[in-house]
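The sequence shown begins at 2 in our numbering and counts up one residue at a time. For every residue, glycine included, the Cβ atom is placed at its ideal position computed from N, Cα and C. In what follows, a structure is listed as structure tokens, so that the remarks can point back to it.
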Amino acid sequence: MRTKMMLLIFALFLIPSVVQAEMKQRVWYMPDGTVRVTIPAEQACIENELRDDCEKRLFEETANEVPALKALLDSGDYEDIDPALKPDRKDRKYWRGSKATGIIIDTAAKNADNQARLKRQADKNAAKGKLKALGLTDDEIESLLEK
């Protein structure tokens, strides 16, 4: 029994016991209402560097490399968030926001894009119908519409 206990204790020392949370992400609120998100990579941290120090260094380096972000770093128009708080990435094209509102989805822009996509599809179907009436085969029609 004592041997099993000693083996268990030894194994616990060998297994890393610290569960590391994901690094914070910085949301930059651009003057035009759009947002940019910086996601730091764990591998970019220097050995023995504290997580908070690493995040701060990486966010500052990013801002210094991108002039538009440098101005936001100076004005404070950004916030660091937990990755779990960020909205689903599938709509990231429509992310808008400010420091006061956080990230929101621009549903008007999303709906306009959906309407444009539906109109393109309807126009394509109408063109197919006209070409079919002229006697073209499906393969010929597809080759014309792919161009």
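In terms of DSSP beta bridges, what is D81 paired with? Translated into the one-based positions of the sequence shown, residue 81 becomes position 80. Looking at the DSSP assignment, D81 forms a beta bridge with R27.
Assess, as a yes-or-no matter, whether the region 30-45 is touched by the region 92-99 under the definition of 3 or more beta carbon pairs within less than 8 Å. With a cut-off of 8 Å, the region 30-45 and the region 92-99 count as touching, because enough Cβ pairs lie within range.
Just curious, the alpha helix (DSSP H) that I142 is in, first and last residue? As a position in the sequence shown, residue 142 is number 141, starting the count at 1. Per DSSP, I142 belongs to the alpha helix (DSSP H) from D139 to E147.
For I16, count neighbouring C-beta atoms within 10 Å of its own C-beta (all shown protein chains included) and say buried if the count is 16 or more, exposed if not. Against the sequence shown, residue 16 aligns to sequence position 15. Reliability of the predicted coordinates at I16 is poor, the pLDDT of 42 falling under 50, and no value is obtained from them.
Spatial neighbours of L145 within its chain, please: C-beta separation below 6 Å, excluding the five flanking residues on both sides. As a first step, residue 145 must be located in the sequence shown, where it is residue number 144. None.
Leaving out five residues on either side along the sequence, give the residues of the same chain with a beta carbon under 7 Å from the beta carbon of G103. For this step, residue 103 is matched to residue 102 along the sequence shown. Excluding positions up to five away in sequence, the list is empty.
Short Cβ contact (8 Å threshold) for E23 with P84: Your numbering for residue 23 matches position 22 in the sequence shown. Your numbering for residue 84 matches position 83 in the sequence shown. Taking the C-beta atoms as reference points, P84 is found nearer than 8 Å to E23.
Taking the Cβ atom as the reference point for each residue, do Y79 and V28 lie within a distance shorter than 8 Å? By one-based count along the sequence shown, residue 79 stands at place 78. By one-based count along the sequence shown, residue 28 stands at place 27. Pairing Y79 with V28 gives a Cβ-Cβ distance under 8 Å.
For K129 and A64, what's the separation of their Cα atoms in angstroms? Against the sequence shown, residue 129 aligns to sequence position 128. Against the sequence shown, residue 64 aligns to sequence position 63. Near 50 Å, if we compare the C-alpha coordinates of A64 and K129.
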